[in-house]
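Scroll down for the structure; my scribbles are underneath it.
Chains as they are written, first to last, in the working numbering: chain Z, 1 to 114; chain U, 1 to 114.
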């Protein structure tokens, strides 16, 4: 069974630019979660999508947004990048119905903002 | 508000010894807890979980203990090996207005000394 995949692996952007990160969940999983992990810190919840809709979002400004497609893959968009947006962005998926609360994580996208 | 915190940011143990990683949580309504392991450059991986109606659960070389009275969670790793070196996160599942959400702790760096 293929795991959660994310692209790109690494990304370097300059302040003010926009970025789009992509995530493909495990087959059969309908929920996708996005987290931000700054260097040496814990995971901060960003967004949760399920069945194509945004279900919950963390304490992040509106320039962080995303969407989920009919095939349950997801994009995370960050506009007007700031230096403090440099972090590892992790995507996780979960089988919302009939499964546990366990989330399966992808390898992440390392974003560096200069 | 909700929070999940860890008592020790770094834990060093000798190879072969037992490791104990602690976690405190504040949301008494949380019904499910997970421990994740994150190796350098990788996404978090599931280790073990426990529901709030249990106080102990064992896996392969790992045991999770839940003390709901003092809102404390611990992960015990038996016969710690060099491959156990990683950051360990606890996470609690709480039901918010938007549905289930995992809240992650800061993480504990486990270092195994040879």
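Each residue gets a CB set at the ideal place from its N, CA and C atoms; glycine is no exception.
Within the stretch 69-101 of chain Z, the complete beta strand (DSSP E) segments of 3 residues or longer fall at 74-78 and 87-94, listed in chain order.
With a cutoff of 7 Å on beta-carbon distance, residue 105/Z and residue 107/U are scored as not near each other. When 9 Å is used as the limit between beta carbons, residue 53/Z is near no residue of chain U, the shortest such separation being about 10 Å. In summary, the residues of the stretch 35-50 of chain U whose CB is separated from some CB of chain Z by less than 9 Å are 36, 38, 41, 42, 43, 44, 45, 46 and 49, in the order they occur in the chain.
Here residue 65/U really is in contact with residue 55/U; their C-beta atoms are around 7 Å apart, less than 8 Å. A Cβ-Cβ separation of about 5 Å places residue 91/U in contact with residue 104/U under the 8 Å criterion. According to the DSSP assignment, residue 44/Z belongs to the beta strand (DSSP E) that extends over 44-50. With a cut-off of 8 Å on Cβ pairs, the stretch 70-77 of chain Z is in contact with the stretch 23-41 of chain Z, counting three or more such pairs.
Beta bridge pairing from DSSP links residue 11/U with 110/U. Under the three-state reduction of DSSP, residue 55/U is assigned to coil, being neither helix nor strand. Considering only beta carbons, the part of the stretch 22-35 of chain U lying closer than 7 Å to chain Z consists of 32 and 34, in chain order. Under the three-pair Cβ rule at 8 Å, the stretch 8-17 of chain Z does not count as touching the stretch 42-51 of chain Z.
According to DSSP, residue pairing for residue 72/U in a beta bridge involves 24/U and 67/U. Rounded to whole angstroms, the Cβ separation of residue 84/U and residue 114/U is 12 Å, and the two are not in contact under 8 Å. Taken through DSSP and simplified to helix, strand or coil, residue 31/U comes out as coil. Counting only Cβ-Cβ distances below 8 Å, residue 101/U has contacts in chain Z at 45, 48 and 56, in chain order.
Residue-level contact check: residue 42/Z touches chain U, since one or more beta carbons of chain U fall below 7 Å from its beta carbon. Excluding five sequence positions before and after residue 10/U, the CB atoms of its chain that fall closer than 6 Å to its own CB belong to 109, given in chain order.
Interface criterion met: the Cβ of residue 107/U is under 7 Å from a Cβ in chain Z. In the three-state reduction of the DSSP assignment, residue 17/U falls in the coil class.
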